[in-house]
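Let me begin by presenting the structure, written as structure tokens, before commenting on it.
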């Protein structure tokens, strides 16, 4: 991820509909699976989720490969965030690990999941969220430097290849907006835009508010139902 996109993430984190609902979703998942847990945020960016988890009463820390992101987080007085190359953990150390929109940035995603499996305790949880479906590939994937998008089948295969993991839940998410987003991506593929603006540029306050309401209703349904398709894929794993 380039520096410009890091900066954009940092600027819109508190207001963009996607990030706001993603925070609420993380809180729902944490309540269900992370009771009193020590949590690793793998690919924490500047530490937004680390701060949230600590504010919610968990013992969280994060690592990221971006020196710029970690430096920015520390300038905001966010604690317990580290450069990946400067922090190592023993095996069976964490009660839970989250990796939200990270694996798609890593060429060796199997190696990354194997590492997460090593550092989580037996009986601990790994929560992964990734962008879904390669036919949804668009400019956002390019400027975010993604290697791939996933399906639940490819996530299941990845977990099985790593081994030692029980699949607790797998589902798609951001289903309500899937068709509109797919049509926009298809249109952009047929008629490439002149600029390479990120999907995160959301200057229309009305649409931002509307998408938040729609997406947050879906988030509430997510507690009880799995979705058959969506812009994102979520898998929750438990170490055997």
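In the numbering used here, the protein residues as written are 6 to 245. Virtual Cβ for every residue (Gly too), placed ideally from N, Cα, C.
query	result
Alpha helix (DSSP H) segment containing residue 140, residue limits	Run containing residue 140: none; DSSP gives neither H nor E here.
From 111, 163, 182 and 148, residue whose alpha carbon lies closest to that of residue 242	163
For residue 107, the nearest candidate out of 189, 72 and 134 (CA to CA)	134
Paired residues, beta bridge with residue 33 - DSSP	According to DSSP, which records beta bridges pairwise, residue 33 is partnered with nothing at all.
Of the listed residues 194, 185, 171 and 75, nearest to residue 46 (C-alpha basis)	75
In DSSP terms, what residue 246 is bridged to	An answer regarding residue 246 cannot be provided, because it is not within the stretch 6 to 245 covered by the chain.
Opening and closing residue of the beta strand (DSSP E) in which residue 67 lies	64 to 69
Pick from 27, 20, 19 and 34 that is closest to residue 228, judged by C-alpha positions	34
Contact set for residue 194: own chain, Cβ-Cβ below 8 angstroms, skip 5 residues either direction	143
Rounded Cβ spacing between residue 61 and residue 213 (contact assumed at less than 8 angstroms)	Not really, about 25 angstroms apart at Cβ, beyond 8 angstroms.
DSSP beta-bridge partners of residue 43	64
Cα-Cα separation, residue 230 to residue 129	23 angstroms
Chain-order list of residues whose beta-carbon lies under 6 angstroms from that of residue 38 (same chain, five-residue window excluded)	130
Pair within 8 angstroms by beta-carbon distance, residue 177 and residue 237	yes
Stretch pair the region 78 to 95 + the region 47 to 59: three plus CB contacts closer than 8 angstroms	yes
Reference residue 96; option with closest CA among 111, 217, 175 and 119	119
Per DSSP, the bridge partner or partners of residue 239	134 and 176
Cβ pair residue 65, residue 85 closer than 8 angstroms	yes
Element boundaries [beta strand (DSSP E), containing residue 108]	Taken as a continuous stretch (DSSP letters only), residue 108 belongs to no beta strand (DSSP E), as it is neither H nor E.
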